[in-house]
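Beneath this line is the structure, given in structure tokens, with notes to follow.
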DNA sequence: CCGCAATAGAGGACTTATCATATATGTGCA
DNA sequence: TGCACATATATGATAAGTCCTCTATTGCGG
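Protein chains in written order, with our numbering: chain A, 1 to 186; chain B, 1 to 186.
In structure tokens form, the structure reads like this:
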């Protein structure tokens with residue numbers, strides 16, 4: 001359960017509610033390298049509390065619903081540090097487009113190109129989004145040490161999207177038959 | 001359950017057993033973009049049969065255990081084609097190293113660098129592996145159409161690994177403080 | 001002869017992840 | 001008034017994925 005450790009990593013900076021974790025972290029940065037939905041976040045917090053890695057207290061909401069704030073315990077921090085220093089498995093990739101391509105013999109090239117173009121526009125959107133994130137990090141209330149690491153994480157995403165887009169363009173070119181024609185006078 | 005569709009895509013080429021699917025496909029190519037373990041493959045085959053998307057018959061083993069061969073049905077092929085032409089979600093990435101980096105403020109730089117170097121060697125191994133796959137595809141008994149698409153899928157993996165390695169090197173350089181010193185005589 | 005690897009399949013137990021819905025409160029807007 | 005939206009938490013149901021063990025058979029090497 002590595003979501004536990006991601007959550008603990010965030011709680012370590014400051015105590016937070018499930019809602020905070022979701023809206024401020026998982027909906028923004030975290031989802032690009034460790035997606036998790038609301039239900040999973042809330043249940044993970046409960047699991048952390050059950051294992052003694054976090055405690056919770058309810059803050060009565062001023063003109064708002066009550067907030068259940070989770071705080072990392074000493075045990076939690078120890079476990080976090082242990083995990084953080086431990087070598088982890090390589091990233092897991094699950095890419096339905098590659099399944100489609102791999103089995104795409106059953107389709108016309110034109111259909112494959114349509115799929116590629118569709119993903120291209122969404123990947124491009126994501127890359128545009130990443131372009132804005134650098135400044136968001138700069139304006140974030142955080143230490144320089146944190147900002148430096150966030151920039152590094154962002155750089156990974158940018159590199160990934162750039163590579164993916166380059167590959168998509170290459171694949172589209174090949175499948176539309178734009179590889180034979182050499183540029184220049186015929 | 002997109003594993004169903006990946007499996008159907010493979011069954012469409014030729015009827016196969018769970019063992020074939022695992023050893024010939026998931027352990028080799030497929031795992032790089034849609035990992036699945038043995039238990040999941042066997043249960044997915046049962047699910048396909050239950051939904052009428054595949055049928056199975058037992059071939060008595062000649063000097064071997066019996067083989068339960070699964071064949072795609074007409075319904076299965078129709079469903080496969082429907083899915084293949086349908087726009088799919090963007091790839092999901094789950095990268096524990098990025099979680100570690102993102103929360104890595106709790107660690108010394110030297111510890112982070114150790115993590116990065118560790119992953120670097122494994123990513124490099126994977127890239128080396130990819131380098132050999134091109135020729136494997138060429139020698140595979142398949143149509144040119146299939147080979148072309150497999151090469152494209154492989155190119156995606158190569159691009160991904162190259163980008164990841166480049167990022168790792170950059171990150172290691174930054175975290176070891178090798179960004180300030182300009183090369184040249186001191 | 002013993003153990004090990006390869007071939008082949010099955011299933012229990014569990015964790016992780018997703019989808020949908022329910023609950024409660026206050027604000028702003030049309 | 002009526003409804004959408006933001007803030008907050010919770011849970012039921014299901015799907016997907018992982019880990020481990022077990023059953024069989026044959027052939028190979030020591």
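All residues carry an ideal CB built from backbone N, CA and C; glycine is no exception.
Against residue 174 of chain A, the close residues of chain B are 148, 152, in the order they occur along the chain (beta-carbon pairs closer than 8 Å). In this structure, the alpha-carbon of residue 81 of chain A lies about 14 Å from that of residue 96 of chain B.
Measuring C-alpha to C-alpha distances from residue 45 of chain B to each of B/29, B/59, B/28, B/72 identifies B/72 as the nearest. Taking C-beta atoms as the reference points, residue 152 of chain B and residue 130 of chain B fail to come closer than 8 Å. Following the DSSP letters along the chain, one finds residue 67 of chain B inside the beta strand (DSSP E) bounded by residues 67-72. It is roughly 10 Å from the alpha-carbon of residue 75 of chain B to the alpha-carbon of residue 48 of chain B. Going by DSSP, residue 153 of chain A is part of the alpha helix (DSSP H) stretching over 144-175. Residue nearest to residue 59 of chain B within the set B/145, B/108, B/70, B/124 is B/70 (criterion: CA-CA distance). At least one CB of chain B lies nearer than 8 Å to the CB of residue 35 of chain A. If you draw a 10 Å sphere on the C-beta of residue 4 of chain A, you find 16 or more other C-beta atoms in it, and that means buried. Close to residue 9 of chain A, with beta-carbon spacing below 9 Å, are these residues of chain B in chain order: 99, 100, 102, 103, 104, 105, 106.
Judged by their CB atoms, residue 172 of chain B and residue 122 of chain B are not nearer to each other than the 8 Å cut-off. Under a criterion of Cβ atoms nearer than 8 Å, no residue of chain B is adjacent to residue 24 of chain A; the nearest Cβ is some 13 Å distant.
Between residue 105 of chain A and residue 146 of chain B, the CB-CB gap stays under 8 Å. For residue 16 of chain A, the pairing in a beta bridge is given by DSSP as A/70.
The criterion of a C-beta distance shorter than 8 Å is not satisfied by residue 34 of chain B and residue 10 of chain B. For residue 145 of chain B, the neighbours in chain A by C-beta distance under 8 Å run, in chain order, 105. In the DSSP assignment, residue 92 of chain A is bridged to B/94.
Of all residues in the region 153-167 of chain A, only 153, 155, 156, 159, 160, 162, 163, 164, 166, 167 place a beta-carbon less than 8 Å from a beta-carbon of chain B.
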